[in-house]
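Numbering (my numbering), first residue to last: 726 to 911. Think of the CB as a built atom: it goes at the ideal place given N, C-alpha and C, for glycine as much as any other residue. Remember, predicted model here, so these are calculated numbers, not experimental data.
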């Protein structure tokens, strides 16, 4: 029904082969429902479909999610945690989660959870954003982690880097206002 589009000699997929591909994919990669669905659709397009009717991609994805092999919330939490540790801001983390097919509610919950982990006890979200931005600045050796005070061009580049990393302009300005050596050495 769906002809193979590649020149491979592999036989078209059937339900059992599609199940095996899905299991192998979730065994190898941490993934989301959307990514698994895209992967299976791509495989059906590449190799073709041997059975009658449409390929049961959605049913396979739902079955693996019900078995716990695919969990969007756990994926979102882990991905948000990893990006936050690297110093990426809220907007960049939200974009990465949206790109992975995580719905907005799960993404917001994951981002809020990570910001709560970063807060230093007083519950101020601005301090959490500043802590994350300082982690990014430390990694990139900009702002208070620069070896020397930056000139105007270096300051603009550092500001642009903080913006691309998803930080708010106010937070970026606060980080860059710190003189080299002014940040806590943590």
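message = By the three-class DSSP mapping on this structure, what secondary structure does residue 903 have?
response = Sequence index remark: in the chain shown, residue 903 carries index 178 (1-based). If DSSP states are grouped into helix, strand and coil, residue 903 belongs with coil.
| Contact test: residue 757 Cβ vs the ligand FMN heavy atom, cutoff 6 angstroms | This structure lacks the ligand FMN, and indeed carries no ligand of any kind.
Contact between the segment 808-816 and the segment 783-791: three or more CB pairs below 8 angstroms? no
Reducing DSSP to helix, strand and coil, say where residue 748 ends up.
If you number the chain shown from 1, residue 748 lands on position 23. Helix at residue 748.
Report back the beta-carbon spacing between residue 862 and residue 900 to the nearest angstrom; my notes put them in contact at under 8 angstroms. Here the question's residue 862 lines up with position 137 in the chain shown. Here the question's residue 900 lines up with position 175 in the chain shown. With 8 angstroms as the limit, residue 862 and residue 900 qualify as a contact, their Cβ atoms being about 5 angstroms apart.
- Message: What residue range does the alpha helix (DSSP H) around residue 809 cover?
- Response: Taking the chain shown and counting its residues from 1, one reaches residue 809 at position 84. From DSSP, the alpha helix (DSSP H) with residue 809 extends over 797-810.
> What number of angstroms, rounded off, separates the C-alpha of residue 736 from the C-alpha of residue 778?
Replying inline: Taking the chain shown and counting its residues from 1, one reaches residue 736 at position 11. Taking the chain shown and counting its residues from 1, one reaches residue 778 at position 53. Between residue 736 and residue 778, the C-alpha separation is close to 17 angstroms.
Checklist entry - Using the rule of at least 16 other Cβ atoms within 10 Å of the residue's Cβ for burial, across every protein chain shown, is residue 762 buried or exposed? => result Indexing the chain shown from 1 puts residue 762 at position 37. When all chains shown are included, residue 762 counts as buried.
I believe residue 798 touches residue 852 by the beta-carbon criterion, under 8 angstroms. Please report the beta-carbon distance rounded to the nearest angstrom. Here the question's residue 798 lines up with position 73 in the chain shown. Here the question's residue 852 lines up with position 127 in the chain shown. With 8 angstroms as the limit, residue 798 and residue 852 do not qualify as a contact, their Cβ atoms being about 26 angstroms apart.
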